[in-house]
Amino acid sequence: MDARKGNIFEILNGNKQFLIPVYQRYYSWDIEQCRRLWNDIVDMQKRNKAGHFVGSIVNIAEQAMPTGVQKYMIIDGQQRMTTLTLLLLALRDYAIQHPEDTTINSRRIDNMLLKNEYEVGDERYKLLLTETDRDILIRLVESKPIPDGTKSRLIDNYKFFSGKIADRDLQPAEIYESIGKLQIVNITLDRTIPG
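Heads up, the sequence shown is in our numbering, so the first residue is 97 and it goes up one at a time.
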C-alpha cells in the first residue's frame, strides 16, 4: 500500500488513467455538494489558507506496462475525482472562450489533467466512468455536442461550475491555484497479495 498526501494535479499528472469499475454506482453528486466544494475553494482563496482537505482516493494499480498508460481502478473517491474533473473542464472551457485571459493555460489543463496527450482510444482519457456517464464525460472532454434532452448530473454540475467561473467571484488563475491547494490522500493498493 502506498499512501501519499497530494493534490489533484499530482494525482492526474503523467501517463495515467483512472477507471471506475462496473460495480460502482453512477456519478451521484448533485449541485449541493458542488456548491460546498466551490464555497471551500472561495473561502480558502479569500482567507489565503494554505490548503483544505477534501478526502481520499483509494485505487488499485493495474499491472504496469513498460509502455503506455498506467491504469488505476478507483475503489473509493469516484465522486470527488469526477467533480474535480468537471471543475477543471469548466475552467479549461472558460480559458478557451476567453483567450484574452492569459493567466489560465487551457492546453496545460487539457493535456496534463484531462487527457493523455499522445494516446488514442479510451487510453486518451485520464478518467473513464461507467456506461452512460462515460460517453457524457468524453463528450465534455472533447467539446462535442451532447444530444438535446440528455439528463445527467455530469452536465448539471459542469454547468454549475461554468456559471460560478463566469460570475468571477474569483479570478480564473485563483481558481486554478485553489484547486491545487485542495489536499487529497491518494491511497494505492497493490494488486499482488503477499503469500
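Glycine residues also receive a C-beta, built at the ideal position from the N, C-alpha and C atoms. Since the structure is predicted, the reported quantities are computational estimates derived from the model, not experimental observations.
Inter-residue Cα distance where the pair is residue i and residue j
| i | j | result |
| --- | --- | --- |
| R188 | S202 | 5 Å |
| R249 | D126 | 6 Å |
| K142 | A262 | 18 Å |
| D136 | N109 | 23 Å |
| T284 | Q174 | 14 Å |
| G291 | M140 | Annotation note: pLDDT 46 at G291 (below 50); position unreliable, no value reported. |
| S239 | G217 | 16 Å |
| P195 | I205 | 14 Å |
| E158 | G245 | 37 Å |
| T228 | D286 | 29 Å |
| M97 | V154 | 10 Å |
| I171 | K145 | 30 Å |
| E213 | R264 | 30 Å |
| S258 | Q193 | 11 Å |
| S152 | A99 | 9 Å |
| N282 | K247 | 31 Å |
Cβ neighbours of residue i in the same chain (closer than 7 Å, five flanking residues each side left out)
| i | result |
| --- | --- |
| R230 | L224 |
| G276 | N103, F105 |
| A160 | Q166 |
| D197 | A191, P268 |
Among the options, the one whose alpha carbon lies nearest that of residue i
| i | options | result |
| --- | --- | --- |
| M169 | A160, L233, I205, Q113 | Q113 |
| L209 | G102, I261, E106 | E106 |
| E128 | S274, F256, E273 | F256 |
| R176 | D206, G217, C130 | C130 |
| L183 | D197, I171, T228, W134 | W134 |
| R132 | K260, V281, K247, N282 | K260 |
| I116 | A99, P162, K167, S152 | K167 |
| R121 | N282, K247, T226 | T226 |
| T163 | V281, E215, A99 | E215 |
Distance CB(residue i)-CB(residue j) smaller than 8 Å
| i | j | result |
| --- | --- | --- |
| V150 | L266 | no |
| A186 | Y254 | yes |
| N207 | V165 | no |
| I200 | A269 | yes |
| T178 | Y119 | no |
| I251 | I232 | yes |
Cut-off 8 Å between Cβ atoms - residues of its own chain near residue i, not counting five sequence neighbours on either side
| i | result |
| --- | --- |
| K211 | R220, Y221, K222, V237 |
| Q279 | K101, G102, N103, G147, H148, F149, V150 |
| R235 | P241, I242 |
beta-carbon residue i near the ligand HEM non-hydrogen atom, thresh 7 Å
| i | result |
| --- | --- |
| W125 | Absence of the ligand HEM from the depicted structure is noted, as is the absence of any ligand whatsoever, leaving it without description. |
Chain-order list of residues whose beta-carbon lies under 6 Å from that of residue i (same chain, five-residue window excluded)
| i | result |
| --- | --- |
| S274 | I137, M140, Q141 |
| T181 | L223 |
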